[in-house]
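Asks:
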Amino acid sequence: MAAGSSRDAGWGYREVVTPTIEYFDTLVRGEGTQAGDRLFKLVDRGGELLALRPEMTTPVARLVTTHLRGRPLPLRLAYAGQVFRGSETGSGRLREFPQVGCELIGADTLEADAEIVALAVDALAASGAAECSVSLGHVGFLRGILEGLGLPEEGALEARALLYQKDFVGLRAVLDRYGAPAARGEALTALPGLRGPNAIREAQRLADTAESRRVLRDLETLIGILEAYGVEGGVRVDLSIIRDFDYYTGIVFEGHTAALGFPLLGGGRYDRLFEGFGAPHAATGFAVRVDRALAASAGGGAGGEAPDVAVAFADGARGEALRLARSLRQQDLSVTVEILGRSWDEVAQGALAAGAPRAVLVTGSRAVVRDADGGERTTALADLVPGGPGNGGGPWPS
1 MAAGSSRDAG
11 WGYREVVTPT
21 IEYFDTLVRG
31 EGTQAGDRLF
41 KLVDRGGELL
51 ALRPEMTTPV
61 ARLVTTHLRG
71 RPLPLRLAYA
81 GQVFRGSETG
91 SGRLREFPQV
101 GCELIGADTL
111 EADAEIVALA
121 VDALAASGAA
131 ECSVSLGHVG
141 FLRGILEGLG
151 LPEEGALEAR
161 ALLYQKDFVG
171 LRAVLDRYGA
181 PAARGEALTA
191 LPGLRGPNAI
201 REAQRLADTA
211 ESRRVLRDLE
221 TLIGILEAYG
231 VEGGVRVDLS
241 IIRDFDYYTG
251 IVFEGHTAAL
261 GFPLLGGGRY
271 DRLFEGFGAP
281 HAATGFAVRV
291 DRALAASAGG
301 GAGGEAPDVA
311 VAFADGARGE
321 ALRLARSLRQ
331 QDLSVTVEIL
341 GRSWDEVAQG
351 ALAAGAPRAV
361 LVTGSRAVVR
371 DADGGERTTA
381 LADLVPGGPG
391 NGGGPWPS
């Protein structure tokens, strides 16, 4: 789950690090003045107002427009860090939590959107949470419907807020108050049901503005690109997603798991953010709530992830066991070596029960391998070493 992991690097994303403390004005410039209420503020010795970062995207934007200014675009950046958000006492919400994410900056194409969604699906799969899926929407569809209703600005703001709160009685009252046409109001009240495999087809019936029709065409194209990535099975269209309307400018998406009732991951296109830093760039990205991902994983994060291999050793075979562990780690496998002096059965049973796919007992020039299905075999230690004579260059014999 960490930024800079082999997953992110494999997609060409470079890890960046930003300060925990930013200038208050920088954060407000990125998130808007309403964000000031949820910031933890402090004052430096010179009287300058500072704040703890409430998310990572705005600090990354500042980094791009200062230290990375002039670099060839697009930039693929990944990060990991703690973020801090003020909340009401007793609300049950964490005020500090870990966040990892990726940002793709300088590309305004559907290809860029598809890459970031596919990477989000990959990140969810790597989280260890079961039954994950990404719900994909677009703020332009709702924007197009609101334009068609002809509501004044304050009415549109009210309608958006009520939709976000899922207050459909209040929404109907607002539409009636402003005399919105009943047929067009139907499109707005139908929004929560526009999800699943038939969502785009059903939405086409309701799309009566050029903007909303364009959005649906873009979503169809995007789904086609995701099919080429091979991740379309983990994505469903959900036009009821309503994220920050002023921040996001295009696609929006959320990652969910059956184990939790709230998103593990969220993101989308935010082309306006960089305007506040004097260097307009198209941008899209996502962030993962690591604490939620751990809570949704099989172990709940209490004991950490199971290793790929658990290694134990017989008397006199410590050196061989440690050399095997080092060789496997060089192949990007996670390996634990027994340090408590437990018996082979205790090590193997404990590791396999925790989710490790295999355990190895090194006895010298030989090794015993026990797999998750309970099968056990004895093989030459050299055959377990990457590039060994009996495994065709891989870490495990066939």
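UniProt numbering applies: residue 1 is where the sequence shown begins, and numbers increase by one.
For every residue, glycine included, the Cβ atom is placed at its ideal position computed from N, Cα and C.
Output needed for E320: all residues of its chain with C-beta closer than 8 angstroms, excluding positions within five of it in sequence on either side, in chain order.
Replies: Counting from 1 along the sequence shown, the entry for residue 320 is found at position 320. Excluding sequence neighbours, E320 sits near F313, V362, G364, S365, L381.
Asks: Just checking, does the segment 6-20 make contact with the segment 58-65 on the three C-beta pairs under 8 angstroms criterion?
Replies: Because the criterion of three Cβ pairs below 8 angstroms is met, the segment 6-20 and the segment 58-65 touch.
Asks: Rounded to whole angstroms, what is the Cα-Cα separation between L136 and A123?
Replies: As a first step, residue 136 is located in the sequence shown; it is residue number 136 there, counting from the start. As a first step, residue 123 is located in the sequence shown; it is residue number 123 there, counting from the start. One C-alpha to the other measures close to 15 angstroms.
Asks: Round the Cβ separation of A287 and A359 to the nearest angstrom and send it over; I've been treating them as touching at under 8 angstroms.
Replies: Your numbering for residue 287 matches position 287 in the sequence shown. Your numbering for residue 359 matches position 359 in the sequence shown. The Cβ separation is near 36 angstroms, so there is no contact.
Asks: Taking 8 angstroms as the cut-off, does the segment 327-338 touch the segment 273-284 (at least 3 CB pairs, one atom from each stretch)?
Replies: Flag = no, the segment 273-284 and the segment 327-338 do not touch.
Asks: Thinking just about the alpha-carbon of each residue, which of D345, D108, V121, R71 is nearest to the one in G230?
Replies: Locating residue 230 in the sequence shown gives position 230, where the first residue counts as 1. Comparing Cα-Cα distances from G230 to each of D345, D108, V121, R71, the minimum goes to V121.
Asks: Can you tell me whether DSSP reads I251 as helix, strand or coil?
Replies: If you number the sequence shown from 1, residue 251 lands on position 251. Note: I251 maps to strand in three-state DSSP.
Asks: So D371 is in the beta strand (DSSP E); what residue range does that whole segment cover?
Replies: Counted from its first residue, the sequence shown places residue 371 at position 371. Taken as a continuous stretch (DSSP letters only), the beta strand (DSSP E) holding D371 covers 366-371.
Asks: Which residue wins for smallest C-alpha separation from D218, given the options W11, A114, L50?
Replies: Position 218 of the sequence shown, counted from the first residue, corresponds to residue 218. Of the candidates W11, A114, L50, the one whose C-alpha sits nearest the C-alpha of D218 is A114.
Asks: Buried or exposed for I200, please, with buried defined as at least 16 other CB atoms from any protein chain shown within 10 angstroms of its CB.
Replies: Reading the sequence shown from its first residue, position 200 is the one you call residue 200. Answer is buried; the Cβ neighbour count reaches 16.
Asks: Grab the span of the alpha helix (DSSP H) containing G276 for me, first residue to last.
Replies: Position 276 of the sequence shown holds residue 276. No alpha helix (DSSP H) contains G276, which DSSP labels as neither H nor E.
Asks: Is it buried or exposed, H67, if we count other Cβ atoms within 10 angstroms and call 16 or more buried?
Replies: Your numbering for residue 67 matches position 67 in the sequence shown. H67 comes out exposed.
Asks: How about residue 448 and F40: do their beta carbons lie closer than 8 angstroms?
Replies: The question about residue 448 has no answer, for the chain in this structure spans 1 to 398.
Asks: How would you label Y13, buried or exposed, when you count the other beta carbons within 10 angstroms and need 16 or more for buried?
Replies: Residue 13 sits at position 13 when you count from the first residue of the sequence shown. By the neighbour-count rule (16 or more Cβ atoms within 10 Å), Y13 is buried.
Asks: For G303, which residues of its own chain have a beta-carbon under 6 angstroms away from its beta-carbon, when the five flanking residues on both sides are left out?
Replies: Against the sequence shown, residue 303 aligns to sequence position 303. With a pLDDT of 47 at G303, under the threshold of 50, the modelled position of that residue is not reliable, and the figure given next carries that caveat. For G303, where only same-chain residues beyond five positions count, there are no Cβ hits under 6 angstroms.
Asks: Am I right that S240 and P192 are in contact with their C-beta atoms under 8 angstroms? What's the rounded C-beta distance?
Replies: Start at 1 with the first residue of the sequence shown, and residue 240 comes out as number 240. Start at 1 with the first residue of the sequence shown, and residue 192 comes out as number 192. Between P192 and S240 the Cβ distance is about 5 angstroms, and since that is below 8 angstroms, they are a contact.
Asks: Can you tell which of L163, Q331, D308, T379 has its C-alpha closest to the C-alpha of A348?
Replies: In the sequence shown, residue 348 corresponds to position 348, counting from 1. Of the candidates L163, Q331, D308, T379, the one whose C-alpha sits nearest the C-alpha of A348 is D308.
Asks: Does the separation of the CB atoms of R184 and L149 fall below 8 angstroms?
Replies: Position 184 of the sequence shown holds residue 184. Position 149 of the sequence shown holds residue 149. Contact flag set, yes.
Asks: Within the same chain, show all residues whose beta-carbon is closer than 7 angstroms to that of R213, passing over the 5 residues directly before and after it, in chain order.
Replies: Mapped onto the sequence shown, residue 213 falls at position 213. Result list for R213: A207, in chain order.
Asks: Please report the straight-line C-alpha distance between D246 and G10, rounded to a whole angstrom.
Replies: Walking along the sequence shown from the start, residue 246 turns up at place 246. Walking along the sequence shown from the start, residue 10 turns up at place 10. Approximately 33 angstroms between the Cα atoms of the pair.
Asks: On the DSSP bridge assignment, give the partners of D44 in chain order.
Replies: As a working mapping, residue 44 is identified with position 44 in the sequence shown. Paired residues: none, contrary to the question.
Asks: Given a threshold of 16 other Cβ atoms within 10 Å of its Cβ, counted over all protein chains shown, does residue 464 qualify as buried or as exposed?
Replies: Outside the shown range of the chain, which is 1 to 398, sits residue 464, and nothing can be said about it.
Asks: Check each candidate in D238, D25, L75 and name the one with the smallest Cα separation from V43.
Replies: On the sequence shown, residue 43 is found 43 positions in, with the first residue counted as 1. Comparing Cα-Cα distances from V43 to each of D238, D25, L75, the minimum goes to D25.
Asks: Counting only the same chain and skipping the five closest in sequence on each side, list residues whose C-beta sits under 8 angstroms from that of G106.
Replies: Sequence index remark: in the sequence shown, residue 106 carries index 106 (1-based). For G106, where only same-chain residues beyond five positions count, the Cβ hits under 8 angstroms are L73, P74, L75, H281, A282, A283.
Asks: Out of D8, L175, V369, which one is the CA nearest neighbour of L119?
Replies: Along the sequence shown, one-based indexing puts residue 119 at 119. The shortest C-alpha separation from L119 is found at D8.
Asks: I need the DSSP call for residue 442, collapsed to helix, strand or coil.
Replies: In the structure as shown, the chain begins at 1 and stops at 398. Residue 442 is therefore absent and cannot be evaluated.
Asks: For S91, I'd like the list of residues in its chain whose CB is within less than 8 angstroms of its CB, leaving aside the five on either flank, ordered along the chain.
Replies: Here residue 91 is taken as the residue at index 91 of the sequence shown, counted from 1. The predicted position of S91 is uncertain, since its pLDDT is 48 and thus under 50; a value taken from the coordinates is nonetheless stated next. Around S91: no qualifying Cβ.
Asks: Go ahead and pull the three-state DSSP assignment for I225.
Replies: By 1-based counting over the sequence shown, the position of residue 225 is 225. Reduced to three states, the DSSP call for I225 is helix.
Asks: When the Cα atoms are used, what is the spatial distance from A126 to A159?
Replies: The sequence position of residue 126 within the sequence shown is 126, counting from 1. The sequence position of residue 159 within the sequence shown is 159, counting from 1. Approximately 37 angstroms between the Cα atoms of the pair.
Asks: Taking the continuous beta strand (DSSP E) assigned at G101, which residues delimit it?
Replies: As a first step, residue 101 must be located in the sequence shown, where it is residue number 101. That run of the beta strand (DSSP E) goes 96-105.
Asks: Tell whether a beta-carbon distance below 8 angstroms holds between F141 and A78.
Replies: Counted from its first residue, the sequence shown places residue 141 at position 141. Counted from its first residue, the sequence shown places residue 78 at position 78. No.
Asks: Would the C-beta of G255 count as close to the ligand GDP, meaning under 7 angstroms from any of its heavy atoms?
Replies: By its list of ligands, the structure shown contains no ligand whatsoever, and the ligand GDP lies outside what it can speak to.
Asks: Along the alpha helix (DSSP H) that carries S327, what are the first and last residues, could you check?
Replies: The sequence position of residue 327 within the sequence shown is 327, counting from 1. Note, S327: alpha helix (DSSP H), 318-329.
Asks: Can you list, in chain order, the residues of its chain with a C-beta nearer than 6 angstroms to that of G170? Leave out the 5 residues immediately preceding and following it.
Replies: Residue numbering aside, residue 170 sits at position 170 when the sequence shown is read from its first letter. These residues qualify, in order along the chain: L162.
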